[in-house]
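Per the numbering used here, the very first residue in the sequence shown carries number 736; after that it's consecutive. A quick write-up on the structure given underneath.
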Amino acid sequence: MHGDMPQKERDNIMKEFRSGQSRVLITTDVWARGIDVQQVSLVINYDLPNNRELYIHRIGRSGRFGRKGVAINFVKSDDIRILRDIEQYYSTQIDEMPMNVADLI
Numbered sequence: 736m737h738g739d740m741p742q743k744e745r746d747n748i749m750k751e752f753r754s755g756q757s758r759v760l761i762t763t764d765v766w767a768r769g770i771d772v773q774q775v776s777l778v779i780n781y782d783l784p785n786n787r788e789l790y791i792h793r794i795g796r797s798g799r800f801g802r803k804g805v806a807i808n809f810v811k812s813d814d815i816r817i818l819r820d821i822e823q824y825y826s827t828q829i830d831e832m833p834m835n836v837a838d839l840i
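Encoded structure:
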C-alpha cells in the first residue's frame, strides 16, 4: 500500500487486513503511523527510515495492546550509520537476528 493509491482502495485493503481476511500488509511509510490492528505481531523493515522518529512508529505497529511483537530490519552495509543513529537516539541496542527466527517469537 502506498500514498499514490486512491483512498478507497487503501480503505478496502485495511478493511481486509483488520478483519483477518488478508494476513500480510506491505506498505510504505504511509502507514508508519495510525495502524491500530491488534493482530500485528511482526514488522519487517526492508529499508531503514531516513527520519529516525519514524522508526519507532514503524516498529510500534507490532506488539500493540500488550501483545508480544517482533521487528526485523534488513540492513545493508550502507545502512549501518543510520542504524547506529537510531540506536543512539533511542538509547538502545538493536540485536542481530538469531539464526533460528523462532527464538524471537
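Beta carbons are placed, not taken as given, at the ideal position from N, Cα and C, and that holds for glycine. Every value quoted in this text rests on a predicted model; they were computed, and no experiment measured them.
In the DSSP assignment, find the alpha helix (DSSP H) that holds residue i and state where it starts and stops.
i: LEU789; result: 787-794
i: ASN747; result: 742-754
i: LEU818; result: 815-825
Suppose you measure from the CA of residue i to the CA of residue j; what does that come to, to the nearest Å?
i: MET834; j: ARG819; result: 22 Å
i: PRO784; j: ILE791; result: 10 Å
i: ILE821; j: ARG787; result: 6 Å
i: ASP838; j: GLY798; result: 16 Å
i: VAL805; j: GLN828; result: 14 Å
i: SER757; j: TYR825; result: 32 Å
i: LYS743; j: MET749; result: 10 Å
Exposed or buried, residue i, counting other C-beta atoms within 10 Å across all chains shown (16 or more means buried)?
i: ARG816; result: exposed
i: ARG796; result: buried
i: ARG802; result: exposed
i: ILE761; result: exposed
Between residue i and residue j, which are expected to be in contact by the criterion C-beta below 8 Å, what is the C-beta distance as a whole number of angstroms?
i: VAL765; j: GLY738; result: 4 Å
i: ILE807; j: MET832; result: 6 Å
Let's see if you can read the secondary structure: which residues bound the beta strand (DSSP E) around residue i?
i: VAL778; result: 777-780
i: ILE829; result: Premise fails: ILE829 is in no beta strand (DSSP E) and is neither H nor E.
Are there three or more Cβ pairs, one per stretch, closer than 8 Å when the stretch 749-758 is compared with the stretch 778-785? no
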